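The sequence shown begins at 1 in full-length UniProt numbering and counts up by one. To start, the structure itself, in structure tokens.
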Amino acid sequence: SMLARIANSLTSDIIESLGMGNVRGTLILPFATGMSLAFCLSSWRRNKPNAKYVVFLRIDQLSCFKAIFVAGYEPIIIDCVRDEDRDTLTTDIDGLTRVLKEKHDKILAVLSTTSCFAPRGPDDVEAVGEVCSRYRIKHLVNNAYGLQSRECRRRIDMAGGKGHVDAFVQSLDKNFLVPVGGSLIATFDEEAIDAIAQFYPGRASLVPSRDLMITLLHLGRNGFMNIYQRQTELFELLVKKTNELASTISERVLQTPTNLTSIAITLTGLPADEQTLLGSILFDRGITGARVVCPGIKKCILGHEFFNYGSHSSKDQPPYLNIACAIGMSREEVDILIETIRKEYSELRAKARRRSIVRGSE
């Protein structure tokens with residue numbers, strides 16, 4: 001429809017304004033990110049009908065993992081590796097290369113990720129794409145809320161400009177402040193986006209395109225860019241305040257400089273049961289985006305077992321609290337977030353110390 005075409009055109013213009021000048025096609029779909037990832041994989045099936053696998057560069061998020069099964073493929077999971085000089089978890093390029101070399105004739109695509117929770121950092125999209133191109137394997141990027149991160153945008157656009165990204169998918173609500181229920185597929189080749197669009201069967205709700213068009217017309221390019229710039233400034237403030245908080249409570253902020261939306265602060269000063277309790281208390285206080293990650297958790301998803309689930313890696317690491325700064329956040333909310341964490345953490349640690357003293361005197 002005309003409305004859908006206008007919404008796609010406006011979206012392409014905004015993406016170009018964000019510095020992703022190599023993008024050549026966009027497609028708005030009326031379902032969320034995970035289903036759009038599955039849709040891309042399904043649309044590529046006819047290109048390699050004998051393929052059985054999709055390589056999954058591990059990130060502990062359910063929808064992108066389930067997307068592989070929805071499309072009718074089996075995952076080959078490759079764990080993350082830790083940056084030698086930082087706490088960042090990133091791509092195991094050597095492991096990926098070995099897998100593609102051995103099974104490239106049975107692999108349809110590699111599913112990488114840019115937007116993620118710390119200490120996970122964006123995948124090395126360019127290096128992943130180079131390996132995929134070498135073995136003629138599709139490269140699909142899960143960029144769920146990555147448009148608001150200049151690092152994610154830079155990595156995707158650089159790789160896409162060299163022909164190393166076949167498509168990348170992002171959420172409308174997380175990146176454009178519209179209601180949940182839509183996503184955006186983008187490519188660096190007009191023919192590629194047309195092929196995906198032609199695979200779409202029938203009709204569905206126009207609401208995501210309508211909401212996005214109204215929002216972009218209301219904000220305009222300048223208003224939209226101001227929102228993204230505000231996120232950048234507030235994230236820098238959040239990093240500063242989180243480091244100050246960590247120093248006062250004898251904890252440490254994990255060093256993940258490539259992740260420009262999420263922060264992880266250790267919880268080693270709290271007993272194990274108090275760590276998870278902190279997450280519950282913060283939720284009750286209205287801080288719904290924070291989450292506590294403890295080591296040793298095992299989770300089986302559709303027959304595949306993940307160790308240390310939630311931390312994106314089987315490697316040992318300390319318990320930590322994740323917090324994030326996304327578009328739409330305010331300076332006041334940053335202050336409330338830090339002060340609430342400080343207060344609740346201090347109270348839990350004080351209670352733990354009192355219990356320890358009582359047990360020691362018995």
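We put the beta carbon where it would ideally sit given N, CA and C, even for glycine. For clarity, every value in this text was computed on a predicted model and none was experimentally measured.
Span separating the alpha-carbon of residue i from that of residue j
| i | j | result |
| --- | --- | --- |
| D94 | F176 | 36 Å |
| K106 | I249 | 51 Å |
| T261 | Q231 | 9 Å |
| V110 | L37 | 11 Å |
| R210 | L3 | 7 Å |
| V141 | R155 | 11 Å |
| A264 | G202 | 43 Å |
| R120 | I137 | 24 Å |
| S280 | E84 | 33 Å |
| G161 | T276 | 43 Å |
| V165 | P271 | 44 Å |
| L172 | R354 | 48 Å |
| T288 | W44 | 37 Å |
| A186 | A192 | 9 Å |
| D124 | I6 | 33 Å |
| E344 | T268 | 15 Å |
| E332 | G21 | 34 Å |
| G286 | F306 | 30 Å |
| T340 | A118 | 20 Å |
| I327 | K103 | 41 Å |
| L217 | Q148 | 19 Å |
| Q229 | S356 | 47 Å |
| V292 | D92 | 25 Å |
| residue 364 | R342 | Outside the shown range of the chain (1 to 362) lies residue 364, about which nothing can therefore be said. |
| C300 | E74 | 15 Å |
| M225 | E151 | 16 Å |
| A167 | V180 | 21 Å |
| Y135 | G163 | 13 Å |
| I297 | R252 | 22 Å |
| F69 | A350 | 47 Å |
| R46 | F199 | 11 Å |
| S12 | R82 | 35 Å |
| D284 | L278 | 10 Å |
| D194 | N308 | 40 Å |
| I323 | C294 | 15 Å |
| A159 | A352 | 49 Å |
| residue 392 | E126 | No statement about residue 392 is possible, as the shown extent of the chain runs from 1 to 362 and does not include it. |
Residues that DSSP places opposite residue i in a beta bridge
| i | result |
| --- | --- |
| C300 | E305 |
| F56 | I77, L111 |
| N322 | A264, R291 |
| V169 | N142, I185 |
| L27 | I185 |
| R82 | L89 |
| V253 | I265 |
| R120 | L89 |
Cβ pair residue i, residue j closer than 7 Å
| i | j | result |
| --- | --- | --- |
| D157 | R24 | no |
| N8 | T33 | no |
| V334 | L184 | no |
| S42 | A71 | yes |
| L18 | R153 | yes |
| L302 | A290 | no |
| I338 | K240 | no |
| T258 | P122 | yes |
| L212 | E274 | no |
| S115 | G146 | yes |
| L100 | V131 | yes |
| A197 | P30 | no |
| L89 | A51 | no |
| T215 | V178 | yes |
| M245 | D87 | The question names Met, yet the displayed sequence has Leu at residue 245. No, Cβ-Cβ distance for L245 and D87 is not below 7 Å. |
Anticipated Cβ contact below 8 Å, residue i with residue j, distance rounded
| i | j | result |
| --- | --- | --- |
| R58 | C80 | 6 Å |
| T266 | P319 | 7 Å |
| V54 | L96 | V54 to L96, Cβ: 13 Å. No contact. |
| M329 | L234 | 6 Å |
| I77 | H304 | 7 Å |
| S1 | L206 | 7 Å |
| G182 | I28 | 6 Å |
Chain D within 7 Å of residue i, Cβ atoms only
| i | result |
| --- | --- |
| A159 | Here there is only one protein chain, and chain D is not present. |
Residue i: CB within 6 Å of a non-hydrogen atom of the ligand FAD
| i | result |
| --- | --- |
| R354 | This structure simply doesn't include the ligand FAD, nor any ligand for that matter. |
Given 8 Å, three or more beta-carbon pairs between the region 59–66 and the region 305–325: yes
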